[in-house]
Amino acid sequence: MTSVYVFNGPNLNLLGTREPEVYGTLTLADVETMCRMECEEAGLELVFGQSNHEGQLIDWIQEAGAEVQAGRAIGAVFNPGAFTHTSVALHDAIEGVQLPVVEVHISNVHRREPFRHRSYVSPVARGIVVGFGVYGYVLALRGLRHAITGG
Ligand code: CA2
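Counting in the numbering used here, the sequence shown runs from 752 upward without gaps.
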């Protein structure tokens, strides 16, 4: 079965525990369930992960890129968390392995502090979903599938 990845960056393991006015009340486990349902309907195998470590995210991106090159995966939905705004290394990893990425943010980062307006990931993303809460993950999976398979 063809795979799709959903990667989450730092502090997203705290989802649903604090700042509900910004990020909602659903947990990351709820997000994983939503993504699993979407993938089941689409006939895709979901690989879901969260890490607080930039190097771990880079390793996952490289592994996902190799799987896409081998024809075993379509790409990744990626919420890089705060690394969005700082990480040249994530930009380089995505570009380096040509991984199709849909960048997702739960909040509308453009309505927030100026330091959240810049993304190092957006220039190498296939698409971006911002500000639709955790439903954005489902939209991003649909968008990625449509962009890559036409389905
Ligand atoms: O809106 C998003 O999805 C963000 O990627 C979330 C990041 C933030 O740094 C980005 O600017 C936008 C923060 C993730 C931390 O999530 C928490 C959730 C609940 C409680 C504490 C942190």
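Glycine included, each C-beta is placed from N, C-alpha and C at the ideal position. Note that the structure is a prediction, hence the values are computed from the model and not measured.
Handout entry: Segment contact flag, the segment 806-817 with the segment 827-841, C-beta cutoff 8 Å, min 3 pairs
Key = yes
Practice task
Say yes only if the C-beta of GLU818 is nearer than 7 Å to one or more non-hydrogen atoms of the ligand CA2, and no if none qualify.
Solution key: no
Handout entry: One or two residues paired with PHE758 in a DSSP bridge
Key = GLY800, PHE829
Practice task
With a threshold of 16 other CB atoms inside 10 Å of the CB of GLN801, please say whether the residue is buried or exposed.
Solution key: buried
Practice task
Under 8 Å Cβ to Cβ from HIS836, same chain only, skipping five residues before and after it: list those, please.
Solution key: PHE866, ARG867, ARG869, SER870, TYR871
Exercise for the section: Could you check what DSSP says for VAL872 in three-state terms: helix, strand or coil? Expected result: coil
Problem - Bridge partners - VAL852, DSSP secondary structure assignment - result: ALA827
Practice task
Classify GLY822 as helix, strand or coil using the three-state DSSP reduction.
Solution key: coil
Exercise for the section: Whole angstroms is fine: what's the gap from HIS804's alpha carbon to PRO761's? Expected result: Going by the C-alpha atoms only, they are around 7 Å apart.
Practice task
From the DSSP output, in three-state form, read off VAL889 for me.
Solution key: Looking at VAL889 - three-state DSSP - the assignment turns out to be helix.
Practice task
Return yes when the C-beta of ASN803 is under 7 Å from any heavy atom of the ligand CA2, and no when it is not.
Solution key: no
Exercise for the section: Would you identify the three-state DSSP class for GLY878, choosing helix, strand or coil? Expected result: strand
Handout entry: Near the ligand NAP: THR778 beta-carbon under 7 Å from a heavy atom
Key = As for the ligand NAP, it is missing from this structure, which binds only the ligand CA2.
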